[in-house]
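For the sequence shown, UniProt numbering gives the first residue as 1, with consecutive numbering after it. Beneath this line is the structure, given in structure tokens, with notes to follow.
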Amino acid sequence: MKAAIVRQSTGDGPACPGQQDALERVVLVDADDRVQGEGDKLDAHRLGQLHRAFSIFIFNARGEVLLQRRADAKYHFAGRWSNSCCGHPRPGEPTARAAVRRLGEELGFQTPLSEQMQLVYRAQDPESGLIEHEYLHVFRGRYMDDPRPDPAEVGAWRWTSVGAVRRGLVKSPHLFTPWFQLIVERVLDAAAAE
């Protein structure tokens with residue numbers, strides 16, 4: 001098995017206020033993604049309120065997926081490996097536009113994205129007690145260069161083969177975020193079918 005090269009975030013990425021995003025507002029929705037209002041992002045995670053979110057999977061020309069290890073300072077699911085990028089649209093912001101914006105803020109690049117699926121999930125972080133209860137829009141895109149991540153958001157990153165992702169999930173599922181575990185197989189299968 002080829003060893004994956006893990007790269008630490010160096011601070012070469014975009015200037016981003018990091019945990020400032022915990023102070024943002026999120027879009028509260030019902031189980032059909034209809035807007036019910038807005039709320040404080042941290043309160044939504046404390047109370048487990050259903051809110052709109054997105055997850056992005058970026059692939060390179062070799063078919064590898066870009067994984068990131070969430071920064072240790074993240075307020076929930078810190079230090080866990082996850083998909084390329086995640087976030088929340090701001091009130092009034094289209095979800096697809098928010099996903100492209102967040103790629104730039106978190107990983108230092110933008111690329112066209114296509115929406116792959118939508119689902120609702122709920123997961124509680126055993127360390128912080130915070131609850132992810134999200135109506136999740138899942139996007140996929142391609143990018144051929146290395147990211148320049150914001151170290152306040154990303155502790156490390158790597159391009160990883162599909163086989164290595166699957167082996168890692170079987171061997172050490174506790175190292176990955178729950179939303180990644182929930183959606184990764186469907187995204188990988190869809191990417192392989194193209």
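Positions of the beta carbon are idealized from the N, C-alpha and C atoms, including for glycine.
DSSP bridge partner residues for residue i (one or two, in chain order)
i	result
residue 40	25
residue 137	54 and 118
residue 154	70
residue 160	65
residue 142	59
residue 87	54
residue 172	Per DSSP, none; premise fails for residue 172.
residue 132	123
residue 35	29
For residue j and residue i, the rounded distance between their alpha carbons
i	j	result
residue 71	residue 144	23 Å
residue 94	residue 180	22 Å
residue 84	residue 116	15 Å
residue 176	residue 122	15 Å
residue 86	residue 167	23 Å
residue 40	residue 109	27 Å
residue 98	residue 54	8 Å
residue 34	residue 187	24 Å
residue 151	residue 74	11 Å
residue 111	residue 147	11 Å
residue 136	residue 89	11 Å
residue 149	residue 24	20 Å
residue 56	residue 118	12 Å
residue 77	residue 165	18 Å
residue 125	residue 46	10 Å
residue 134	residue 61	31 Å
Spatially closest choice to residue i from the options, by CA coordinates
i	options	result
residue 107	155, 168, 177 and 133	155
residue 66	90, 159, 186 and 188	159
residue 141	63, 42 and 45	63
residue 82	42, 30, 185 and 52	185
residue 44	29, 57 and 58	29
residue 163	34, 157 and 189	189
residue 223	118, 96, 119 and 178	Given a span of 1 to 194 for the chain in the structure shown, any question on residue 223 remains unanswerable.
residue 120	36, 183 and 37	183
Classification of residue i by the beta-carbon crowding that lies within 10 angstroms, buried from 16 upward
i	result
residue 68	buried
residue 27	buried
residue 3	At residue 3, the pLDDT of 38 sits below 50, so the modelled position is not reliable; the number obtained from the coordinates is stated separately. Exposed is the call here.
residue 170	exposed
residue 105	buried
residue 132	buried
residue 192	exposed
residue 127	exposed
residue 174	exposed
residue 103	buried
residue 50	buried
Residue-level contact to chain C via CB, residue i, 8 Å cutoff
i	result
residue 151	No chain C is part of this structure, which consists of one protein chain only.
Any non-hydrogen atom of the ligand SAH closer than 7 Å to residue i Cβ
i	result
residue 171	Here there are no bound small molecules, and the ligand SAH is not part of this structure.
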